[in-house]
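**Student:**
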Ligand code: FES
Ligand code: FES
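Written as structure tokens, this is what we have:
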């Protein structure tokens, strides 16, 4: 039996959390874990929901304070940050 909770989404496919970036004020010296699978309920960061998929979170270590735009569509070529790819989805 397979897990039915996300049966329609294959384990090797990322979910589009939203077709826009998430703006986050990051703090220098802090680490952030970007959700690459799109399944987290606490976007844009990982909440462990990738369990059972082929995805793992991506660490981002902030080297300065300020707003960053983390990819919400999970299709960026510059993960974890938005590179505009969401506009082509
Ligand atoms: Fe998406 Fe962890 S919940 S990578
Ligand atoms: Fe994914 Fe912009 S939100 S590339």
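Residue numbers (the working numbering): 1166 to 1254.
Just so it is clear, CB atoms sit at the ideal spot from N, CA and C, and this is done for glycine as well.
1) Please report the Cβ distance between residue 1221 and residue 1201, rounded to the nearest whole angstrom; I am assuming they are in contact, meaning their Cβ atoms lie under 8 Å.
2) Does the beta-carbon of residue 1237 have 16 or more other beta-carbons within 10 angstroms, so that it is buried, or is it exposed?
3) Quick one: is residue 1252 buried, meaning 16 or more other Cβ sit within 10 Å of its Cβ, or exposed?
4) Less than 8 Å separating the beta-carbons of residue 1199 and residue 1223?
5) Between residue 1169 and residue 1217, what straight-line distance do the alpha-carbon atoms span, to the nearest angstrom?
6) Between 1177, 1176, 1181, 1193, which lies nearest to residue 1227 when the distance is taken from Cα to Cα?
**Tutor:** In terms of the structure at hand:
1) 7 Å
2) buried
3) Exposed: under 16 other Cβ atoms inside 10 Å.
4) yes
5) Annotation note: pLDDT 45 at residue 1169 (below 50); position unreliable, no value reported.
6) 1193
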